[in-house]
Amino acid sequence: MENRGYKILLVEDDIIDQMAFKKMIKQQELNYDFQIAGSAEEAAEAIANSCFDLVITDYMLGDGNAFDVMKLLHDTPVIITTGVGNEEVAVRAMHEGASDYLVKDSEGNYLKVLPITIDNVVERVSNQKQLKILSHALMSIGDSVYITDTEDNILYVNKAFVDTFGYQQNEVMGKSSCMLSKTNADMSDCCDWEDSLDNMGMNEVYQIKKDGTEFPSLVSSSCIKDDSGSTLAKVGVVRDITEIKEAQKKLQIYATMDILTGTLNRRAGLVILEKQIQLCKRNNWDLTICYIDVDGLKEVNDTHGHQEGDDYILFITNVLKEIIRESDGLCRLGGDEFLLMLPECDIPEAELVLKRIVKALDEYNESKLKPYKTSFSYGLVKYDFAEQPKIGSLIAKADMEMYKQKNKKKM
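Under the working numbering, the final residue of the sequence shown carries the number 412; numbering is consecutive throughout.
Now the structure itself:
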């Protein structure tokens, strides 16, 4: 390990040992920034005024011992030295948090290994701090994280994992990660232990909670390798995408459905009409379309407000839905206009359907539950499979028929 400029506090009440420490540093050309305290009291003053990378303290001091010094420290690593090897002291030292324990021999050989011990202790403490930080980070992130060995057995899970899957840590330790996945493909199938990390990726997988509930997730997996390239473990990161999936469903609904009425919107309705034409053509069925325009919507909006206007539109929609068949198609073209698709219907049959709808509205109007008359005008057109008119022309023709009826009402 390279010679690093650690800042070290030596707590030593023996002048000869102090001199031996200085001599060792000089002979080995160590780049230590060191300070020497000759007692526990001096150590307390030094610790209060400075920060050190490491403290080396003799066990027995004139005004105390190494444990008195350790009480003054928090995260600073400590190496305890003693002139008398005592197993009980060594055990207590390690139990109290000492990073290492060295016995001072009369020949001073312990000084030869001291620099290596210092390097090892500082590196070990640094690694422990990094691991603590990483562990805290893993426990804090919102995604579920689990680490498995090369046999796919779980070694570690973070807090988000516990919260998401419902398992406590001790319930999954040593268990196969396959228990988490519906397809058992999240880790074992997507990670070839001999392949590089470049082959790892993110997969959409349905996970299984402790209570059996399934939820969609994105799983990314990677291998942890040593310097030789051998795999030590693998890491799985699971992101619950339930909310994303629900949002996607809503977007799909919004893309095809009219929000107010729950019918198909114009775009989706025209797609369905095209499919209805193809279906009726294959089966040699009649197809009639009906262009509907709600009467008096502007007057309702102007007189009673747009909320009542929306209620009027919704009321007409519900009456239509109650009477038409499941095989019929209904879409809102926009505003007060609707398109009704009636497969297996010619004009006379379609007229019967519309008369039933008009009758339902007339009966409602007799109840006088609304301060205005509910009605609509409509125009019927049968699709001509011989001429095969374009959809735009077909709808325009039905629109013209609707206006003929609306104008008759005004006479």
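C-beta: ideal position from N, C-alpha, C; glycine also.
Model, not experiment: these values are computed from the prediction.
Comparing C-alpha positions only, which one of A397, L135 and V173 sits nearest to T149? V173
If contacts are defined as beta-carbon pairs under 8 Å, then V70 and A44 qualify, I think. What distance do you get, rounded to the angstrom? 5 Å
Assuming I358 contacts L298 under a Cβ cut-off of 8 Å, what Cβ separation, rounded to an integer in Å, is found between them? The distance from the Cβ of I358 to that of L298 is about 17 Å, inconsistent with a contact at the 8 Å cut-off.
In terms of residues, what are the limits of the beta strand (DSSP E) holding Q129? Unbroken run through Q129 is the alpha helix (DSSP H), Y111 to S141; no beta strand (DSSP E).
Kindly indicate which three-state DSSP category R240 falls into: helix, strand or coil? strand
Secondary structure at I392, three-state DSSP: helix, strand or coil? helix
Relative to the C-alpha of K176, which candidate in K160, L103, E152 and T165 has its C-alpha closest? The shortest C-alpha separation from K176 is found at E152.
Close beta carbons around T309, own chain, < 7 Å, minus the five adjacent residues each side: Thr is not the amino acid found at residue 309; the sequence shown has Glu there. V301.
If you run the structure through DSSP and keep just helix, strand and coil, what is F216? strand
Tell me the residue span of the beta strand (DSSP E) that contains I37. I37 -> beta strand (DSSP E) spans D34 to A38.
How far does the beta strand (DSSP E) with N204 in it reach, from first residue to last? M203 to I209
If we require 4 or more residues per run, which alpha helix (DSSP H) segments fall completely within the region 275 to 361? 298 to 305 and 307 to 324
Compare the beta carbon distance of L362 and S376 with 8 Å and say whether it is the shorter of the two. yes
If I measure Cβ to Cβ from N159 and keep anything under 6 Å in the same chain, skipping five residues before and after, which residues do I get? L139, M140 and V146
Counting pairs of Cβ atoms below 8 Å between the region 216 to 226 and the region 238 to 255, do you hit three or more? yes
For the region 107 to 122 and the region 89 to 97, state whether three or more C-beta atom pairs, one from each stretch, are separated by less than 8 Å. No: the two stretches stay apart, fewer than three of their Cβ pairs being nearer than 8 Å.
Looking at C-alpha atoms only, which residue of V85, K398 and I81 is the closest neighbour of G98? I81
For D337 and V272, which I take to be in contact (beta-carbon distance under 8 Å), what is that distance rounded to the nearest angstrom? Actually they do not touch by this definition, with Cβ atoms about 22 Å apart.
Mapping the DSSP letters down to three states, classify V158 as helix, strand or coil. strand
Hey, how far is the Cα of E323 from the Cα of I314? Distance from the CA atom of E323 to the CA atom of I314, rounded to whole angstroms, is 15 Å.
Starting from F386 and walking both ways along the alpha helix (DSSP H), at which residues does that stretch end? Looking at the DSSP string, F386 is not in any alpha helix (DSSP H), and its letter there is neither H nor E.
Anticipated Cβ contact below 8 Å, T264 with L331, distance rounded: 5 Å
To the nearest angstrom, how far is it from the Cα of G380 to the Cα of K282? 22 Å
Rounded to whole angstroms, what's the CA-CA distance from V126 to D101? Just pull it up for me. Going by the C-alpha atoms only, they are around 11 Å apart.
Given a threshold of 16 other Cβ atoms within 10 Å of its Cβ, counted over all protein chains shown, does M342 qualify as buried or as exposed? buried
Just tell me which of S40, E46, I225 and I209 has its CA closest to the CA of G65. S40
Hey, could you find the ends of the alpha helix (DSSP H) K23 is sitting in? I16 to Q28
Looking at the secondary structure, which residues open and close the alpha helix (DSSP H) in which V85 lies? Looking at the DSSP string, V85 is not in any alpha helix (DSSP H), and its letter there is neither H nor E.
Using alpha carbons as the reference points, say which of P344, E247, H307 and G335 lies closest to I325. P344
Near E9, which residues of its chain fall below 8 Å by C-beta distance, leaving aside the five closest residues on each side in sequence? In the sequence under discussion, the amino acid at residue 9 is Ile, which differs from the Glu named in the question. Taken in chain order, the residues that qualify are Y33, D34, F35, Q36, F53, D54, L55, V56, I57 and I119.
Using the Cβ count rule (16 or more neighbours within 10 Å means buried), how would you classify I16? exposed
Do L261 and D303 have their C-beta atoms within less than 8 Å of each other? no
So, are the CB atoms of Y255 and D400 less than 8 Å apart? Cβ atoms of Y255 and D400: not closer than 8 Å.
Local conformation of N66 per DSSP, three classes: Strand, per DSSP.
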